[in-house]
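Novice: Can you read through this structure? Questions will come right after.
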Amino acid sequence: MLNIVLFGPPGAGKGTQAAKLLEKYQLVHLSTGDILRSELKAQTRLGMEAKKFMDKGELVPDTVVIGMIEGKIDSNQGANGFIFDGFPRTKAQAKALDEMLAGKKTPITLMLALEVDKEELVKRLLLRGKDSGRADDQDKSIIENRIRVYHNETAPVKDFYDAQNKYKGIDGMGSIDDIFGRLCKAIDLVK
Ligand code: AMP
6 MLNIVLFGPP
16 GAGKGTQAAK
26 LLEKYQLVHL
36 STGDILRSEL
46 KAQTRLGMEA
56 KKFMDKGELV
66 PDTVVIGMIE
76 GKIDSNQGAN
86 GFIFDGFPRT
96 KAQAKALDEM
106 LAGKKTPITL
116 MLALEVDKEE
126 LVKRLLLRGK
136 DSGRADDQDK
146 SIIENRIRVY
156 HNETAPVKDF
166 YDAQNKYKGI
176 DGMGSIDDIF
186 GRLCKAIDLV
196 K
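Below is the structure:
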């Protein structure tokens, strides 16, 4: 199985690249942001609870997202592998994911971390806000908070995978196809 953690700050292009990768490598896409937004749309209790954090650009509590992802892994048994997008976002989530996958004897293969300048991130997010209507992409102060939360709470997850020799930084600047080429090259080396 090929289990990829696609990592990077908000606006790094994780969703765009995940869509291309899952087609090429026949993987299942697990995006906690997408799952939370669909819970919100369906106005479930989980969605309404998560909204309080998402609206401010804060992280939803670990227990909520860990439970959510476990359910999705279990309901996709027989998959070739997974692309985790926007998860894990804290060391506690990374530990919980390792434990879940150890139980299923299918560990994380590689963490690919997209590296993008802050100026470019803000530009991409504001543009996406216009196209998608996502509220958290339309307000510059919420965007700044998400990038701050990324640096404070999420970036340390790199060390977790680096200690397992699974971390690989990828230049996330340039065209979608160039970035995709870099990601594929890194995957093909470990596959
Ligand atoms: P994203 O679509 O990945 O940018 O996520 C949008 C929002 O959903 C984030 O700003 C968080 O509020 C929440 N969220 C998504 N994934 C996670 C996660 N793994 N842990 C905590 N909060 C998350």
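Residues in the sequence shown are numbered consecutively from 6, following my numbering.
Virtual Cβ for every residue (Gly too), placed ideally from N, Cα, C.
Given the structure is predicted, the values throughout are model-derived calculations rather than measurements.
(1) According to DSSP, is G174 part of a helix, a strand, or is it coil?
(2) Using the C-alpha atoms, what's the distance from R94 back to R153?
(3) For the ligand AMP, any of its heavy atoms closer than 7 Å to the Cβ of F87?
(4) Below 8 Å, how does it come out for the segment 86-105 and the segment 25-44: are there three or more Cβ pairs, yes or no?
(5) Answer with yes or no whether the minimum CB distance from K145 to chain D is below 8 Å.
(6) In angstroms with no decimal places, state the Cα-to-Cα distance between T68 and R42.
(7) First and last residue of the alpha helix (DSSP H) that includes D164?
(8) Under three-state DSSP, which class holds S146?
(9) I want to check one thing, is the minimum distance from the CB of M105 to the heavy atoms of the ligand AMP below 7 Å?
(10) Should A17 go down as buried or exposed, given a rule of 16 or more other Cβ atoms within 10 Å for buried?
(11) Please name the residue or residues paired with M116 in a DSSP beta bridge.
(12) Just the C-alpha distance for I147 and L45, rounded to the nearest angstrom, thanks.
(13) By DSSP's criteria, F58 is part of a beta bridge. Which residues make up the other side?
(14) Rounded to the nearest angstrom, what separates L7 and D164 at their Cα positions?
(15) Under 6 Å Cβ to Cβ from Q143, same chain only, skipping five residues before and after it: list those, please.
(16) Does DSSP put D39 in a helix, in a strand, or in coil?
(17) How would you call I113, buried or exposed, if buried means at least 16 neighbouring beta carbons within 10 angstroms?
(18) Does the contact criterion of 3 or more C-beta pairs under 8 Å hold for the segment 115-131 versus the segment 167-182?
(19) By alpha-carbon positions, which one of N157, T21, L126, G186 ends up nearest to L64?
(20) To the nearest angstrom, how far is the alpha carbon of K19 from that of L11?
Specialist: According to the structure shown:
(1) strand
(2) 13 Å
(3) no
(4) Yes, they touch.
(5) Protein chains in the displayed structure number just one, and chain D is not present.
(6) Looking at the two C-alpha atoms, the distance is approximately 17 Å.
(7) 162-167
(8) helix
(9) no
(10) Around the CB of A17, 16 or more other CB atoms lie within 10 Å, so the residue is classed as buried.
(11) V10, Y172
(12) Answer to the nearest angstrom: the Cα atoms are 18 Å apart.
(13) Partner(s): none; F58 has no beta bridge.
(14) 21 Å
(15) G134
(16) helix
(17) When all chains shown are included, I113 counts as buried.
(18) yes
(19) N157
(20) 6 Å
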